[in-house]
Structures are given as C-alpha cells and as structure tokens.
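Residue numbers for the sequence shown follow the numbering used here, beginning at 1340 and rising by one.
Only one structure is covered here, and it is reproduced in the block below.
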Amino acid sequence: MGIKVGIIGSGIVGQTLAKGFLKHGYHVTIGTNTASKREELRSKTDGKAAVGSFEDAAKFGEIVVVATKGTAAEAALKAAGITNLKGKTVVDTTNPIADAPPVNGVLQYFTSQNDSLMERLQALAPEAHFVKAFSCVGNAFMVNPDFNGVKPTMFICGNDDGAKGAVKTILDQFGFEVADMGKAEGARAIEPLCILWCIPGFLTNSWSHAFKLLKR
Ligand SMILES: NC(=O)c1ccc[n+]([C@@H]2O[C@H](COP(=O)([O-])OP(=O)(O)OC[C@H]3O[C@@H](n4cnc5c(N)ncnc54)[C@H](OP(=O)(O)O)[C@@H]3O)[C@@H](O)[C@H]2O)c1
C-alpha cells in the first residue's frame, strides 16, 4: 500500500510533485483554495490524484507538502487546519517571494537574513515536522531530472531527524542527492538559493540548471 501524500497547493509545483509522487507509487490528494479549479486539476493529474480543499489534502496526507505562494503559506496552513498537520512530515517547497518585482533579476523577499518562511510555518504549526525541500530548483527539474547522469543536490533542513529521513527517501526516488543543512534555521540559507537560481532566468532566459555541491 503506497504512502498517502496530501499536497496543499495547486500551482505548477503542486501539480508536478503530484505527478512525481504518483509515478513513484504514492497515493495523492491535491488541494486547491479555489473550488472552480478542481476539474482542471483532475485532468492535469490524469485523473489519478484525488482533488479537494487544502483541508482535504492535509487530512489525507501521512506526508503533507506545502506548495503555495509564499505570501499565502501561513493562511493556507490555517485553512488546511493546523491540527491536521500534527506529528506529520511536512515538505515545505515555498519561497518567501515578495509581491514587489525583481531588481536587475534579483527577487525580493519579505523575510530578512536572520529569518525564514519555514521557521514561521514551523512556529505556526509547532507539532508538525517541517522539512525544506524542492525550493531551490525549478519545477521542470523536480522529478528525476536529466543532467547527463549527474544527480543535482537538494538542500534540506528541519528539526526532526525522522521527518528528514522520510524526505531523503523521497528525494532519492526523485533522483537527487541530499545535502542536510541542519535544523529549521538552515532555511535562512536554503530559501535564498531560489534568488540565485532565478537570476540567469530573468537576465538571460536560462532556466535549465540545478545546484550541485561538490565534495572531496
Ligand atoms: N514554480 C517553480 O518552479 C518553483 C520552484 C521552487 C519553489 N517554488 C515555490 O513553490 C511554491 C508554489 O509555487 P507555484 O509556482 O506552484 O505556484 P504559486 O502561484 O506560487 O502558488 C499557487 C498556490 O498558492 C495558492 N495561493 C495563492 N494566493 C493565495 C491566497 N491569497 N490565499 C490562499 N492561497 C493562495 C493558490 O491557491 P489556489 O489553489 O486557490 O489557486 C495555489 O494553490 C511557491 O512558494 C514558490 O516560491 C516554485
């Protein structure tokens, strides 16, 4: 029996990860805050994912994924029901991108250097086990990306080792090597990688890259 994953977020990241989880044998419910999007979401996940509200996704998931717009993440978790996240691994894909436009290709964040969105979400749902993941690569490369046989690095962090172990298993299936950047505060370094990742995109329309941590 596959593990049940609930995805809070109906955008391209939610859809892409839904397909990835289905491909790897998980059961998926994807949640949207907009009831009129449900039919379209069903067809975009080839009818294989159940579709519901943020709350339906949170209740369904043994593992929950947050994939909402950063500015909406706290409201989305409240709508999903904080108690529905209790004791669960919560994969946080979000980035704290402000509504203001990029400056010379550099995204603006609504968090500061000594803060992160994941820490805010963890504080909002203290009994959930947040793990930052999938935030530092474009959606086109989230599921078994092909970089000529080289596995990209996914930077993760979170306070609970069991939850990080569960996410490492997922990332192994999804074709990444994992670099564990410690506790929740590690998100202060991981979330800005999205700014770096996007600069070549905004400046030269180059979006086909991923990070690799070289070690010796
Ligand atoms: N796009 C990428 O390649 C990429 C890569 C890495 C990380 N990320 C991060 O992943 C997250 C999701 O990105 P995305 O590109 O899939 O889509 P997005 O447009 O950032 O988010 C879409 C989701 O946010 C919800 N949302 C937007 N405004 C809302 C509001 N005011 N109240 C409640 N919910 C609201 C939408 O609700 P509805 O369901 O009602 O539409 C939808 O579920 C973001 O935090 C982004 O920074 C994106």
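Using N, Cα and C, we set each Cβ at its ideal position, and we do this for glycine too.
Since the structure is predicted, the reported quantities are computational estimates derived from the model, not experimental observations.
Cβ-Cβ distance between residue i and residue j below 9 Å
| i | j | result |
| --- | --- | --- |
| Val-1429 | Val-1390 | no |
| Phe-1494 | Phe-1550 | yes |
| Gly-1370 | Gly-1348 | yes |
| Phe-1469 | Ala-1523 | yes |
| Val-1445 | Gly-1400 | no |
Host beta strand (DSSP E) of residue i (start-end)
| i | result |
| --- | --- |
| Ile-1402 | 1402-1405 |
| Met-1493 | 1492-1497 |
| Asp-1519 | 1516-1519 |
| Val-1367 | 1366-1370 |
| Lys-1417 | Where Lys-1417 is concerned, there is no enclosing beta strand (DSSP E), although the alpha helix (DSSP H) it sits in stretches over 1412-1419. |
Backbone CA spacing between residue i and residue j [nearest angstrom]
| i | j | result |
| --- | --- | --- |
| Ala-1568 | Leu-1535 | A question about residue 1568 goes unanswered here, because the residues of the chain that appear run from 1340 up to 1555. |
| Ser-1392 | Gly-1426 | 20 Å |
| Lys-1471 | Pro-1531 | 12 Å |
| Lys-1490 | Gly-1420 | 36 Å |
| Ile-1436 | Asn-1372 | 19 Å |
| Ala-1558 | Arg-1555 | Residue 1558 cannot be examined here, being either before or after the span of the chain that is shown, 1340 to 1555. |
| Lys-1408 | Asn-1487 | 31 Å |
| Thr-1368 | Thr-1543 | 36 Å |
Nonlocal neighbours in the same chain, by C-beta distance under 6 Å from residue i, ignoring five residues either side
| i | result |
| --- | --- |
| Lys-1521 | Residue 1521 is actually Gly in this sequence, not Lys. Around Gly-1521: Cys-1496. |
| Arg-1527 | Ser-1455 |
| Trp-1564 | Residue 1564 is absent from the structure shown; the chain starts at 1340 and stops at 1555. |
Residue i, enclosing alpha helix (DSSP H) - first and last residue
| i | result |
| --- | --- |
| Asp-1431 | No alpha helix (DSSP H) contains Asp-1431, which is instead part of the beta strand (DSSP E) from 1428-1431. |
| Ala-1389 | Per DSSP, Ala-1389 belongs to no alpha helix (DSSP H); it is in the beta strand (DSSP E), 1389-1391. |
| Gly-1501 | 1500-1512 |
| Ile-1351 | 1351-1362 |
| Ile-1529 | 1526-1529 |
is_contact[residue i, chain C] using C-beta, thresh 9 Å
| i | result |
| --- | --- |
| Pro-1484 | Considering every chain present, this structure includes no chain C. It has just one protein chain. |
Close beta carbons around residue i, own chain, < 8 Å, minus the five adjacent residues each side
| i | result |
| --- | --- |
| Leu-1424 | Ala-1397, Val-1403, Leu-1416, Ala-1464, Glu-1466 and Ala-1467 |
Any non-hydrogen atom of ligand 3 within 8 Å of residue i CB
| i | result |
| --- | --- |
| Gly-1345 | Summarising the ligand content, the structure contains ligand 1 and does not contain ligand 3. |
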